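S.K.:
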Amino acid sequence: MQTITRRGALMAATASLTSGLAAISDPPADAAAGAPSRADWVAFARTVAGPVYLPGTASYTTGKQLFDRRFDGSTPAAVMVVQRSADIGRAMAFTRRFGMQVTARSGGHSYVGASAAARTLVLDLRPLRSVSYDPSSGTVLVGAGAGLFDVKRQLAARGRALPTGTCPTVGVSGLTLGGGLGVESRAHGLTCDRLVAATMTLPDGRSITVDAAHSPGAFWALRGGGGGNLGVVTALRFATHAATAKGIFTLTFAGSAAARVVTGWARWVASAPRSQWAGVHLDALGNGRLHVSILGVTEAGAERSAAAAVRSAVGVAPVGQSYRRLSYLDTAVYLGGGTTSARQGFVGGSDVFARLDADAAAAIVAAVTGRSRAGGTGSALLDPLTGAVGDPAPTATAFPWRNHLASLQWYVGVGAPSGYASAAAWIGTAHRAVGRWSSGGYVNYLETGQPAARYYAGNLPRLAQLRAAYDPGRRVHSGLTF
């Protein structure tokens, strides 16, 4: 096995791959140092518990893979499998010698491939996936490498839950650091709103506790500021809530009703009971037509009355509807399409809206319709930012969209590499179409080439100040320059 470990020597060539992922953020200020030699890597590998993979090996090729196949050509300098959090400090010291950056990888779902960026040392946190519930405090301590379904499964066994997203393989760390939207957000807030403490390794190698009493500035930044801005988070403690059975409804509408569906949904979600959530899906079918649906999640027993309220707000009869009641964990499996998710190619982006009037709705629908008429597929997915999401002030955490109505994700699944350019071009066109109404974007749906202000709004100056204080040399890669 061509792998560097504490117990073995390097047997692989260090030739770099031919295609790469362009780094988005600035390199470290003292990046003039030469790259580590083979002997340097061998010596470093002997100091850490997990294997270190270098280019030219099968382990490197698979170890650097992210969820999005678009980044299979990425060229990080190496991949270190983190078996113990103390080794992150050693990695910080090693990369500092050579003017390199580290990048953290948990679920590997970065929309810009940040967790396998070129010339970085990838810190694969997936072995740090413990989930430990404390019944006396109602909190759960989660390793930064844990995936969402594993967290849901272990908490559900204790009758507890966290408000998270639905994709089962997304890492809880990355989701939390960027905010964390999901079907329980209106009832219980963002994932980051449940964060009560974190452990973080700083670029200088120190491990610190971050909470409201210790490093309160960093605690502010870790709740919605995105990953990789201050250090590498290794563990997170959350306040949990009771896991309850759910009611689920799906309403399907004619494509011609798309704009009315968007505006009606916007009216409903602005004042609906917090225990009820619904999102809009507009899908370009590639033949000029749209598939239009609303997915709703409520407490078990309220699904039909909630669906009736949505139908009334829309003012158009659905052409199809379905209802089901599931346990909390079965709901997670249903919404996530299973307990795991296969790698795929995609391009995504986002816009955030304070309001959605008829003109804004028409612009969204026109963008999706245009994609379909051009023979392409793609989706616009609207999620609410109302209810408990809006309880904190916009400046209370780094997540700035507290007084907004909705987040819209543009998403295109891509089968062949030739499709990425077309997908990105369409998303750019969609941004321009709704730009008059858009306030910015959601940092967990990061896009290449977008300014940081688009994701942080008025919170950017404070976040930049904290980043300069905690990581002045830009040792940790985040995918954003600011």
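Residues -22 to -1, 1 to 460, numbered by mature numbering (1 follows the signal peptide of the UniProt record, and there is no 0), are exactly what the sequence shown covers, in order.
All C-beta atoms in this analysis are idealised placements derived from N, C-alpha and C, irrespective of residue type, glycine included.
Note that the coordinates shown come from a computational prediction; the quantities given were computed from them, not determined experimentally.
To test your reading of the DSSP string, which unbroken beta strand (DSSP E) runs of 3 or more residues are found completely within the segment 392 to 435?
M.R.: 416 to 418
S.K.: Apart from the five residues just before and just after D112, which ones in its own chain have a Cβ nearer than 8 angstroms to its Cβ?
M.R.: V118, L119
S.K.: Note down the Cα distance separating Q254 from C145, rounded to an integer number of angstroms.
M.R.: 20 angstroms
S.K.: Is the separation between the beta-carbon of Y389 and that of G156 shorter than 9 angstroms?
M.R.: Contact: no.
S.K.: Which whole-angstrom value is the C-beta distance of L101 and R83, which I expect to be below 8 angstroms?
M.R.: Indeed they touch by this definition, with Cβ atoms about 7 angstroms apart.
S.K.: As an exercise, report each continuous beta strand (DSSP E) stretch of at least 3 residues that is fully enclosed by the segment 8 to 61, in chain order.
M.R.: 56 to 59
S.K.: If I measure Cβ to Cβ from F76 and keep anything under 8 angstroms in the same chain, skipping five residues before and after, which residues do I get?
M.R.: A11, G12, A13, P14, D18
S.K.: Distance, Cα to Cα, V454 vs R74?
M.R.: Spanning the two alpha carbons is a distance of roughly 11 angstroms.
S.K.: In three-state DSSP terms, what is M78?
M.R.: coil
S.K.: Do you know how far the Cα of L44 is from the Cα of A96?
M.R.: 13 angstroms
S.K.: What runs of the alpha helix (DSSP H), each 4 residues or longer, lie entirely inside the segment 176 to 213?
M.R.: 194 to 200
S.K.: Whole angstroms is fine: what's the gap from G158's alpha carbon to S416's?
M.R.: 20 angstroms
S.K.: Which residue's Cα is closest to the Cα of P194: L458, R452, L444?
M.R.: Comparing Cα positions, the closest option is L444.
S.K.: When you compare the segment 434 to 444 with the segment 336 to 350, are there three or more beta-carbon pairs, one atom per stretch, that lie closer than 8 angstroms?
M.R.: Output reads no: the segment 336 to 350 does not touch the segment 434 to 444.
S.K.: Please state if the CB of S328 and the CB of L260 are separated by a distance shorter than 9 angstroms.
M.R.: no
S.K.: Can you list the beta strand (DSSP E) stretches of 3 or more residues lying completely in the segment 286 to 311, in chain order?
M.R.: 298 to 304
S.K.: Pull the bridge partners of P362 from the DSSP assignment, please.
M.R.: A384
S.K.: If I measure Cβ to Cβ from G314 and keep anything under 7 angstroms in the same chain, skipping five residues before and after, which residues do I get?
M.R.: F127, T144, C145, P146
S.K.: Who does Q322 pair with in a DSSP beta bridge?
M.R.: D46
S.K.: Please report the Cβ distance between G167 and V367, rounded to the nearest whole angstrom; I am assuming they are in contact, meaning their Cβ atoms lie under 8 angstroms.
M.R.: 6 angstroms
S.K.: What's the C-alpha gap between S305 and Y38?
M.R.: 40 angstroms
S.K.: Counting only runs that start and end within the segment 78 to 105, where is the beta strand (DSSP E) found for 3 or more residues in a row?
M.R.: Listed in chain order, the complete beta strand (DSSP E) runs (minimum 3 residues) inside the segment 78 to 105 are 79 to 83, 98 to 102.
S.K.: Please state whether DSSP places A446 in a helix, a strand or coil.
M.R.: Judged by DSSP in its simplified three-state form, A446 adopts helix.
S.K.: Rounded to the nearest angstrom, what separates E281 and T228 at their Cα positions?
M.R.: 10 angstroms
S.K.: Going by beta carbon distance, what residues of the same chain come within less than 7 angstroms of V188, once the five residues before and after it are set aside?
M.R.: A175, A176, M178, A196, F197, L200
S.K.: Quick check: the segment 280 to 296 against the segment 210 to 219, are there 3 or more CB pairs under 8 angstroms?
M.R.: no
S.K.: Straight-line CA distance for A56 to A94?
M.R.: 9 angstroms
S.K.: With H, G and I counted as helix, E and B as strand and the rest as coil, what does DSSP make of S357?
M.R.: strand
S.K.: Can you tell me the Cβ-Cβ gap for A386 and Y89, rounded? I've got them flagged as a contact below 8 angstroms.
M.R.: Position check: residue 386 holds Leu in this sequence, whereas Ala was assumed. So it is not a contact: roughly 14 angstroms between Cβ atoms.
S.K.: Just tell me which of W379, G209, G91, A235 has its CA closest to the CA of D182.
M.R.: G209
S.K.: Within 10 angstroms of its Cβ, does L441 collect 16 or more other Cβ (buried), or is it exposed?
M.R.: Classification of L441: buried, given that the 10 Å Cβ count is 16 or more.
S.K.: What are the start and end residues of the beta strand (DSSP E) that includes S249?
M.R.: Unbroken run through S249 is the alpha helix (DSSP H), 236 to 249; no beta strand (DSSP E).
S.K.: Quick test of your reading: A235 and V294, contact by CB under 8 angstroms. State the CB separation rounded to the nearest angstrom.
M.R.: Confirmed, about 4 angstroms.
S.K.: Taking 8 angstroms as the cut-off, does the segment 260 to 277 touch the segment 233 to 248 (at least 3 CB pairs, one atom from each stretch)?
M.R.: yes
S.K.: Is the separation between the beta-carbon of T25 and that of R68 shorter than 9 angstroms?
M.R.: yes
S.K.: Assuming V202 and A376 form a contact by the criterion Cβ under 8 angstroms, report the distance between their Cβ atoms to the nearest whole angstrom.
M.R.: Residue identity check: residue 202 is Gly in the sequence provided, not Val. Right, the Cβ-Cβ distance comes to about 4 angstroms (below 8 angstroms), so this counts as a contact.
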